[in-house]
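Sequential numbering from 4 applies to the sequence shown in this note's numbering. Beta carbons: idealized from backbone N, C-alpha and C, even for Gly.
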Amino acid sequence: MNDLLEYKRIKKSLHTRPFLENDLLLDEIEDFGKQCANKKLYTKLKRKYKWHRLWNPKHLAIGKAPNDWANRQKPLVSVIVPNYCHAPYLTERIECILNQTFQNFELIILDDCSQDNSRDIILKYKDHPRVSHIVLNEQNTGNTFLQWEKGVALAQGQYIWIAESDDYADETFLDSTMAMFCLHEDCVMVRTGSYQVNEHGRILTRDWDVWKEDETVHYYSGHDYIRHNMLHFNYIYNASMVVFRKDIFHQIDKSYQQMRYTGDWLCWIEMLTKGPICVYHRKLNYFRQHQNKVSARSKKTNKGIIDQINVLAHAIKHVKSSAFRKMMIRGEQYYVSSRCFDSDDYDPEIKKACFKTLRNNLHATIWDYRLYKFFSWFDFLPFIPSQKNDKYK
Numbered sequence: 004m005n006d007l008l009e010y011k012r013i014k015k016s017l018h019t020r021p022f023l024e025n026d027l028l029l030d031e032i033e034d035f036g037k038q039c040a041n042k043k044l045y046t047k048l049k050r051k052y053k054w055h056r057l058w059n060p061k062h063l064a065i066g067k068a069p070n071d072w073a074n075r076q077k078p079l080v081s082v083i084v085p086n087y088c089h090a091p092y093l094t095e096r097i098e099c100i101l102n103q104t105f106q107n108f109e110l111i112i113l114d115d116c117s118q119d120n121s122r123d124i125i126l127k128y129k130d131h132p133r134v135s136h137i138v139l140n141e142q143n144t145g146n147t148f149l150q151w152e153k154g155v156a157l158a159q160g161q162y163i164w165i166a167e168s169d170d171y172a173d174e175t176f177l178d179s180t181m182a183m184f185c186l187h188e189d190c191v192m193v194r195t196g197s198y199q200v201n202e203h204g205r206i207l208t209r210d211w212d213v214w215k216e217d218e219t220v221h222y223y224s225g226h227d228y229i230r231h232n233m234l235h236f237n238y239i240y241n242a243s244m245v246v247f248r249k250d251i252f253h254q255i256d257k258s259y260q261q262m263r264y265t266g267d268w269l270c271w272i273e274m275l276t277k278g279p280i281c282v283y284h285r286k287l288n289y290f291r292q293h294q295n296k297v298s299a300r301s302k303k304t305n306k307g308i309i310d311q312i313n314v315l316a317h318a319i320k321h322v323k324s325s326a327f328r329k330m331m332i333r334g335e336q337y338y339v340s341s342r343c344f345d346s347d348d349y350d351p352e353i354k355k356a357c358f359k360t361l362r363n364n365l366h367a368t369i370w371d372y373r374l375y376k377f378f379s380w381f382d383f384l385p386f387i388p389s390q391k392n393d394k395y396k
């Protein structure tokens, strides 16, 4: 037996074994002590066990919600599916929700006047016991964030999962996120990681989660998470990988609904100012990439860049940060905006509106851009999360 491998296995099980299996875990540690020639490993394991159980009296298996949460009569989670013309992916999305291992939820399906056969697919589930509401709009609102608001208004659950209609999830997604809320009840949201997949569900090599998938749980204050992860780009890049508290959602400003492309970014920032976040280092969501996405269309037309500037202007105004950090954010956004209009294929009116918003709302100038380029040349931007430099890895 390899003592080091066995030590690592038992050490990991301290975090993944429920408290009710204490006796079995202690027996494994004692057996390890009898067979292990290295007494230091055995002593170290005993000490880790003692401290872990002392500081985690409510410990349960990571990835498994407690039974009393799963058996409550009222739905604990409200799953909202806002759909618009995603018929090819809709059945897979609804089925992956209905097949969750955690079944204490209600399903609310909203359709924003789709022009494909989405309605026919949705109406097949109208008699399912988990489906509490089906709302079929007669007129298109043109804004998915208005659909969010409508879904939350109908929700009975304490927690909300916005399950985008073109994505899908692992069957243990709700079990895992509810377990995180049980461990950290003060969290305003729990997020997992996401695989990026193409139209056919094939996993792409692109990875936007800059941490190792090691099944660990990380707890951060909301303000720290904003400062390190949300002031340069939307690190919570997919709504489907997040579950949040409904009471916190009702407390935030509704200005995010006025943004068509980056309303989710502003929504997460507003929620994180209300409390901490828990990050589970597992990829339990599948984020589909295709040409019919709102984000893909916004990149083609550059229309999303103005919303992005307004989010950053709001964030640096309301989140504490140093003057140097704010200057680098302005310079970086000036650089990003300039790159968007490098080619000849753009609308001059959008470019004019973009740089007007940069000057008037973000107060960014060419000097911010030059200083940003100077410091980035010398790799002196330690606060920007990336594969090379990530505080939360």
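- [ ] Note down, in chain order, each residue of its chain lying with its Cβ closer than 6 Å to the Cβ of Phe344, except the 5 sequence neighbours on either side.
- [x] By one-based count along the sequence shown, residue 344 stands at place 341. Taken in chain order, the residues that qualify are Lys354.
If I measure Cβ to Cβ from Asn201 and keep anything under 8 Å in the same chain, skipping five residues before and after, which residues do I get?
Counting from one through the sequence shown, the residue named residue 201 turns up at place 198. So the qualifying residues of the chain are Leu207, Arg291, Gln292, His293.
* On a CA-only basis, which of Met183, Asn288, Tyr375 is nearest Val339? Give me that one, please. => Position 336 of the sequence shown holds residue 339. Checking every option, the nearest Cα to that of Val339 belongs to Tyr375.
Please list the terminal residues of the continuous beta strand (DSSP E) segment that includes Gly196.
Locating residue 196 in the sequence shown gives position 193, where the first residue counts as 1. For Gly196, the enclosing beta strand (DSSP E) begins and ends at 192–200.
> For Phe252 versus Met192, is the C-beta distance shorter than 7 Å?
Replying inline: Here residue 252 corresponds to residue number 249 of the sequence shown, with the count starting at 1. Here residue 192 corresponds to residue number 189 of the sequence shown, with the count starting at 1. For Phe252 and Met192, no; Cβs fall outside 7 Å.
Check your understanding: On the three-state DSSP scale, how would you describe Ser341?
Key -> Sequence index remark: in the sequence shown, residue 341 carries index 338 (1-based). In the three-state DSSP reduction, Ser341 falls in the helix class (H, G or I).
Under the three-state reduction of DSSP, which class applies to Leu93: helix, strand or coil? As a first step, residue 93 is located in the sequence shown; it is residue number 90 there, counting from the start. Three-state result, Leu93: helix.
- [ ] Could you round the C-beta distance between Asp170 and Tyr283 to whole angstroms and report it? I think they count as a contact, below 8 Å.
- [x] Reading the sequence shown from its first residue, position 167 is the one you call residue 170. Reading the sequence shown from its first residue, position 280 is the one you call residue 283. About 17 Å; that fails the 8 Å criterion.
Reference His249; option with closest CA among Trp54, Gln260, Ile163, Arg373: Residue numbering aside, residue 249 sits at position 246 when the sequence shown is read from its first letter. The question names His, but residue 249 in the sequence shown is Lys. Selected option, being the one with the closest Cα: Ile163.
Practice item. Count the CB pairs spanning the stretch 67–80 and the stretch 150–164 that are closer than 8 Å, and state whether there are at least three. Key: Taking 8 Å as the limit for Cβ pairs, the verdict is that the stretch 150–164 does touch the stretch 67–80.
Point to revise | Nearest neighbour of Thr219, chosen from Cys270, Arg373, Tyr198, Arg285 [CA to CA] | key: Translated into positions along the sequence shown, residue 219 becomes position 216. Relative to the Cα of Thr219, the nearest Cα in the group Cys270, Arg373, Tyr198, Arg285 belongs to Arg285.
**OP:** Would you decide whether Ala316 is buried or exposed? Buried here means 16 or more other CB atoms lie within 10 Å of its CB.
**Re:** Numbered from its first residue, the sequence shown carries residue 316 at position 313. By the C-beta density criterion, Ala316 is buried, having at least 16 other C-beta atoms within 10 angstroms.
How should Ser346 be labelled, buried or exposed, when 16 other C-beta atoms within 10 angstroms of its C-beta is the threshold for buried?
Walking along the sequence shown from the start, residue 346 turns up at place 343. Of the residues assessed, Ser346 falls on the exposed side of the cut-off, its CB having fewer than 16 other CB atoms within 10 angstroms.
Decide yes or no for the touch test of the stretch 129–146 against the stretch 110–121: beta carbon pairs closer than 8 Å, at least 3 of them. Below 8 Å, enough C-beta pairs join the stretch 129–146 and the stretch 110–121 to call them touching: three or more.
(Q) Is there a C-beta anywhere in chain D that falls below 7 Å from the one on Tyr222? (A) You won't find chain D in this structure, because it holds only one protein chain.
Practice task
Assuming Ala166 and Arg96 form a contact by the criterion Cβ under 8 Å, report the distance between their Cβ atoms to the nearest whole angstrom.
Solution key: Position 163 of the sequence shown holds residue 166. Position 93 of the sequence shown holds residue 96. About 7 Å separates the two Cβ atoms, so the contact holds.
According to DSSP, is Glu9 part of a helix, a strand, or is it coil? Translated into the one-based positions of the sequence shown, residue 9 becomes position 6. Assignment of Glu9 by DSSP, reduced to helix, strand and coil, places it in the helix class.
Review point. Got a sec? Which residues, its chain only, sit under 7 Å from Tyr92 by beta carbon, not counting five neighbours each side?
Key: Numbered from its first residue, the sequence shown carries residue 92 at position 89. Excluding sequence neighbours, Tyr92 sits near Ser168, Asp169, Arg291.
Check your understanding: Out of curiosity, what's the CA-to-CA distance linking Tyr45 and Lys11?
Key -> Residue 45 sits at position 42 when you count from the first residue of the sequence shown. Residue 11 sits at position 8 when you count from the first residue of the sequence shown. When rounded, the distance between both Cα atoms is 11 Å.
Pick helix, strand or coil for Asn143, following the three-state DSSP scheme. Counting from one through the sequence shown, the residue named residue 143 turns up at place 140. Three-state result, Asn143: coil.
Discussion item. Using 7 Å as the threshold, is the C-beta distance between Leu361 and Ile312 below it?
Written reply: Here residue 361 corresponds to residue number 358 of the sequence shown, with the count starting at 1. Here residue 312 corresponds to residue number 309 of the sequence shown, with the count starting at 1. Yes.
Can you list, in chain order, the residues of its chain with a C-beta nearer than 7 Å to that of Gln254? Leave out the 5 residues immediately preceding and following it.
Counting from one through the sequence shown, the residue named residue 254 turns up at place 251. Around Gln254: Lys277.
**Message:** Does Gly145 pass the burial test, meaning 16 or more other C-beta atoms within 10 Å, or should it be called exposed?
**Reply:** The count along the sequence shown starts at 1 and reaches residue 145 at position 142. Exposed is the call here.
If you reduce the DSSP assignment to three classes, tell me which class Ala68 lands in. Your numbering for residue 68 matches position 65 in the sequence shown. In this structure, Ala68 counts as coil in the three-state DSSP scheme.
- Message: As an exercise, report each continuous alpha helix (DSSP H) stretch of at least 4 residues that is fully enclosed by the stretch 236–261, in chain order.
- Response: As far as the stretch 236–261 is concerned, its whole alpha helix (DSSP H) runs of at least 4 residues are 249–252.
Below 8 Å on the Cβ atoms is my guess for Ser117 versus Cys88; work out the distance and round it to an integer in Å. As a position in the sequence shown, residue 117 is number 114, starting the count at 1. As a position in the sequence shown, residue 88 is number 85, starting the count at 1. With 8 Å as the limit, Ser117 and Cys88 qualify as a contact, their Cβ atoms being about 5 Å apart.
- request: Reducing DSSP to helix, strand and coil, say where Lys286 ends up.
  value: In the sequence shown, residue 286 corresponds to position 283, counting from 1. Residue state, collapsed to three classes: strand.
Work out the CA separation of Glu335 and Arg342 for me, nearest whole Å.
-> As a working note, residue 342 is residue 339 in the sequence shown. As a working note, residue 335 is residue 332 in the sequence shown. Approximately 11 Å, taken between the alpha carbons.
- Using 10 angstroms around the beta-carbon of Ile308, count the other beta-carbons present and answer buried if the total reaches 16, otherwise exposed. For this step, residue 308 is matched to residue 305 along the sequence shown. Ile308 comes out buried.
Fill in: Those residues which DSSP pairs with Ala40 across a bridge
Looking up residue 40 in the sequence shown gives position 37. Note: Ala40 sits in no beta bridge, so no partner.
(message) Here's a check: name, in chain order, each residue in its chain whose Cβ is nearer than 6 Å to the Cβ of Thr180, leaving out the five neighbours to either side.
(response) On the sequence shown, residue 180 is found 177 positions in, with the first residue counted as 1. Within the same chain, and ignoring the five residues on either side of Thr180 in sequence, the residues whose Cβ sits closer than 6 Å to its Cβ are Val193, Val246.
I need the boundaries of the beta strand (DSSP E) containing Pro85, first residue and last residue. Residue mapping note: residue 85 aligns to position 82 of the sequence shown, counting from 1. First-last of the beta strand (DSSP E) with Pro85: 80–86.
Check your understanding: Any idea if Phe327 is buried or exposed, counting beta-carbon neighbours within 10 angstroms, 16 or more meaning buried?
Key -> The sequence position of residue 327 within the sequence shown is 324, counting from 1. Flag for Phe327 reads exposed.
Given this structure, state the Cα-to-Cα distance separating Gln76 from Trp271, to the nearest angstrom. In the sequence shown, counting from the first residue as 1, residue 76 sits at position 73. In the sequence shown, counting from the first residue as 1, residue 271 sits at position 268. In this model, Gln76 and Trp271 are separated by some 30 Å (Cα to Cα).
Handout entry: For His226, the nearest candidate out of Gln199, Glu152, Leu269, Lys323 (CA to CA)
Key = Working through the sequence shown from its first residue, we reach residue 226 at position 223. Ranked by how close their Cα comes to the Cα of His226, the residues Gln199, Glu152, Leu269, Lys323 have Lys323 in first place.
- prompt: Does the distance from the CB of Asp310 to the CB of Tyr337 come in under 7 Å?
  reply: Walking along the sequence shown from the start, residue 310 turns up at place 307. Walking along the sequence shown from the start, residue 337 turns up at place 334. If you check the CB distance, Asp310 and Tyr337 do not come in under 7 Å.
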